[in-house]
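Asks:
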Amino acid sequence: MNALSRTLAAAAVTAVVALGVTGCNNRSDRAILVTARVDTVNPANGPVTGGTLVTITGANFDFGTTAVLFDGVAGFDVNVINGNTLTVRTPLKLDGTAETVDIIVASNFGSGDSIDAFTFDAVVLNPTIGGSGGGTVVEIPGAGFNAGGQPIVLFGADQAANVAVISDVLVRATTPAVANNGAVDVTFINRFGRVDLPNAFDFDVAVESVVPDLASDAGNTVITIVTNGFNEDFTVTLPAVEFGGTPAAAVLAVAANELDVTVPAGLAVGALDIDVIGANDTATFAGFESVAAVTVGDVVINEFYANVNTGSLEDPNNDGVSDETDDEYIEIVNLTGGPIDLSDFVIQDQLAAVTDRHVFPNPTTIPTDGCIVIFGGGNPTGFGNLHEDAHAQTASTGTLGLNNGGDGINLLDINGVLVEEATYGAGVPDAASQNRDPDGQFNADPTAFVDHDVANNFNGNFFSPGLRVDQTPFP
Ligand SMILES: [Ca+2]
Ligand SMILES: [Ca+2]
Ligand SMILES: [Ca+2]
Ligand SMILES: [Ca+2]
Numbered sequence: 261m262n263a264l265s266r267t268l269a270a271a272a273v274t275a276v277v278a279l280g281v282t283g284c285n286n287r288s289d290r291a292i293l294v295t296a297r298v299d300t301v302n303p304a305n306g307p308v309t310g311g312t313l314v315t316i317t318g319a320n321f322d323f324g325t326t327a328v329l330f331d332g333v334a335g336f337d338v339n340v341i342n343g344n345t346l347t348v349r350t351p352l353k354l355d356g357t358a359e360t361v362d363i364i365v366a367s368n369f370g371s372g373d374s375i376d377a378f379t380f381d382a383v384v385l386n387p388t389i390g391g392s393g394g395g396t397v398v399e400i401p402g403a404g405f406n407a408g409g410q411p412i413v414l415f416g417a418d419q420a421a422n423v424a425v426i427s428d429v430l431v432r433a434t435t436p437a438v439a440n441n442g443a444v445d446v447t448f449i450n451r452f453g454r455v456d457l458p459n460a461f462d463f464d465v466a467v468e469s470v471v472p473d474l475a476s477d478a479g480n481t482v483i484t485i486v487t488n489g490f491n492e493d494f495t496v497t498l499p500a501v502e503f504g505g506t507p508a509a510a511v512l513a514v515a516a517n518e519l520d521v522t523v524p525a526g527l528a529v530g531a532l533d534i535d536v537i538g539a540n541d542t543a544t545f546a547g548f549e550s551v552a553a554v555t556v557g558d559v560v561i562n563e564f565y566a567n568v569n570t571g572s573l574e575d576p577n578n579d580g581v582s583d584e585t586d587d588e589y590i591e592i593v594n595l596t597g598g599p600i601d602l603s604d605f606v607i608q609d610q611l612a613a614v615t616d617r618h619v620f621p622n623p624t625t626i627p628t629d630g631c632i633v634i635f636g637g638g639n640p641t642g643f644g645n646l647h648e649d650a651h652a653q654t655a656s657t658g659t660l661g662l663n664n665g666g667d668g669i670n671l672l673d674i675n676g677v678l679v680e681e682a683t684y685g686a687g688v689p690d691a692a693s694q695n696r697d698p699d700g701q702f703n704a705d706p707t708a709f710v711d712h713d714v715a716n717n718f719n720g721n722f723f724s725p726g727l728r729v730d731q732t733p734f735p
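When we follow my numbering, the leftmost residue of the sequence shown carries the number 261, and every step to the right adds one.
(1) Let me have the residue list for ligand 3: C-beta closer than 5 Å to any non-hydrogen atom, ordered along the chain.
(2) Could you tell me the distance, in whole angstroms, from the CA atom of Ala439 to the CA atom of Asp445?
(3) Under 8 Å by Cβ, that's how I've got Phe405 and Phe461 pegged, so tell me the actual separation to the nearest angstrom.
(4) Taking contact to mean at least 3 C-beta pairs separated by less than 8 Å, is the region 363–381 in contact with the region 310–329?
(5) Could you check what DSSP says for Phe723 in three-state terms: helix, strand or coil?
(6) For ligand 4, I want to know if Leu727 counts as a neighbour, meaning its beta carbon is within less than 6 Å of at least one of the ligand's heavy atoms.
(7) Got a sec? Which residues, its chain only, sit under 8 Å from Leu354 by beta carbon, not counting five neighbours each side?
(8) Between the Cα of Val301 and the Cα atoms of Thr347, Asp322 and Asp331, which residue gives the shortest distance?
(9) Determine whether the beta carbon atoms of Asn716 and Asp690 lie at a separation below 7 Å.
(10) Does any residue of chain D bring its CB to less than 7 Å from the CB of Leu430?
(11) Rounded to whole angstroms, how far is the Cβ of Val294 from the Cβ of Phe336, which I believe are closer than 8 Å?
(12) Identify whether Ala515 lies in helix, strand or coil by the three-state DSSP scheme.
(13) On the three-state DSSP scale, how would you describe Asn716?
(14) Is there at least one non-hydrogen atom of ligand 4 closer than 6 Å to the beta-carbon of Glu563?
(15) Val740 to Ile607, Cα distance in whole Å?
(16) To the nearest whole angstrom, what separates the beta carbons of Gly489 and Gly393, a pair I think is in contact under 8 Å?
(17) Among the residues of its own chain, which have a CB less than 6 Å from the CB of Gly391, if the five just before and after it don't count?
(18) With 16 other CB atoms within 10 Å as the buried threshold, where does Ala358 fall?
(19) What first and last residue would you give for the beta strand (DSSP E) that runs through Arg617?
(20) In the structure shown, what three-state DSSP assignment does Ala531 receive?
(21) Short check: CB of Pro303 to CB of Gly402, under 7 Å?
(22) Name the one or two DSSP bridge partners that Val333 has.
(23) Examine ligand 4 and report whether any of its heavy atoms sits within less than 6 Å of the Cβ of Glu591.
(24) For Ala543 and Ala513, I'd like the C-alpha separation in whole angstroms.
(25) Only counting the same chain, and skipping five residues up and downstream in sequence, which positions put a Cβ closer than 7 Å to that of Val486?
(26) So, at 7 Å on beta carbons, what are the nonlocal neighbours of Asp299 in its own chain, with the 5 sequence-adjacent residues on each side left out?
(27) Based on Cα-Cα distance, which residue from Asn670, Asp699 and Thr707 lies nearest to Ala686?
(28) Is it buried or exposed for Leu474, if we count other Cβ within 10 angstroms and need 16 for buried?
(29) Sort Leu573, Asp609, Gly580 and Asp699 by Cα distance to Asp629 and report the nearest one.
(30) Less than 7 Å between the C-beta atoms of Ala566 and Leu671, yes or no?
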């Protein structure tokens, strides 16, 4: 081949001009061989999962461009707009590592110059941890997914389910169940290639929530533990649950990642770890508290309203309806200085016969120095969450049964032991509730109540469910 060299003003430093290339075109058997030059790259970075649509400016792109190479790997969908501009989608970066790489525009006549021009950015999955039982929905960020076709995702050697392109920049995949715990590479494959994201996901179990996170040392409280998934078959085998080393009284699988666990009796009072122990995994929750069982003096029946004045449209439960039965209530204040657990406690009335009127839901807790109000019924409004915050509940039997002509109230613990009592005679008015005086203070005398509107600090109020007599909150 004959060849000569000459300078082309617009050509790259490696420009070569050749003559006599056979079959180069049909105009002549002479051709000029030039290589391309890259000047600018926009954007200059994108994810290792590829697909970034990059615009490159430079020179000589119209001399038979065949490929745009990113660190030697061809980009996709090369579109030569003119001699100075082309677009290309980045390939996936196989090793998954963040790095700045060369770009080379190649032609039939050879490779052009390269510049350290494009930075592959690391990709982090969300979340990066999940149970070995699979089922964790994982988000994979990226670029150009809409143009990349249906992806395939592997966690280690196991193929993900439900792989879906959610948007141009987001793919979702559901983790498979795996035989072993630990970190695995995540492989992502689409039309633009393959990337192995090193140690991108960790199969490991963890406790996500425990509700409530306290229970009485009397036991029997049912708490709900949510994990990020175990590998066990819950229809056959349950993971053990231990409270500081003491096994749970019962464990019921509600779902693959949710357990209803009955707290055992006799736990040490104080902070305890809960260990959820499966065949392959142990997940620990460190925020659980065992509290002492309620005894006499720990709580006070601070207020009750037996004879609601419906003629004056009194509406203690604040549901818009004045009702003799629904608006009866009993207010109980926690005096222990810490949180307490009233799960499965019982309220009875005493006349005409001792009758169970309310079983506290399991779980029911009252926060430190807080109170709970039990209404006869209706739709108590403005008293906070009915469960864990325990500000208001309605009688589980639909009525508290507080006779206007005299009655009594018993509060029993889970073993049926009386822990607080209130009694009253025929003289209770229909213009005010009955209240301890001073407000919020235990009195061993079950008859020691005054009309709300004579209690110290009553401040003009005739009843105060969930509040002090002066309508200020319990702390
Ligand atoms: Ca009544
Ligand atoms: Ca009402
Ligand atoms: Ca009664
Ligand atoms: Ca009150």
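For glycine and all other residues, C-beta sits at the position ideal for the given N, C-alpha and C.
Model, not experiment: these values are computed from the prediction.
Replies: The relevant details are as follows:
(1) Going by the Cβ distance cut-off, the answer is Asp609, Leu611, Gly661, Asn663 and Asp667.
(2) 15 Å
(3) No, Phe405 and Phe461 are not in contact; Cβ-Cβ is about 19 Å, not under 8 Å.
(4) yes
(5) Correct three-state label for Phe723: coil.
(6) yes
(7) Val333, Gly453, Arg454, Val455 and Asp456
(8) Thr347
(9) Against a cut-off of 7 Å, the Cβ pair of Asp690 and Asn716 comes out as no contact.
(10) Protein chains in the displayed structure number just one, and chain D is not present.
(11) Rounded, the Cβ-Cβ distance is 24 Å, inconsistent with contact.
(12) strand
(13) It is coil, neither helix nor strand.
(14) yes
(15) As displayed, the chain neither begins before 261 nor continues past 735, which places residue 740 out of reach and without an answer.
(16) 4 Å
(17) Val465, Asn488, Gly489 and Phe490
(18) exposed
(19) Counting along the chain, the beta strand (DSSP E) containing Arg617 begins and ends at Thr615 to Val619.
(20) strand
(21) no
(22) Phe330
(23) Checking every heavy atom of ligand 4 against the Cβ of Glu591, one is found closer than 6 Å.
(24) Cα to Cα, the separation comes out at about 16 Å.
(25) Closer than 7 Å at Cβ, skipping near neighbours: Glu468, Ser469, Asn517 and Glu518.
(26) Taken in chain order, the residues that qualify are Thr317 and Gly318.
(27) Comparing Cα positions, the closest option is Thr707.
(28) buried
(29) Among Leu573, Asp609, Gly580 and Asp699, the Cα nearest to that of Asp629 is on Asp699.
(30) no
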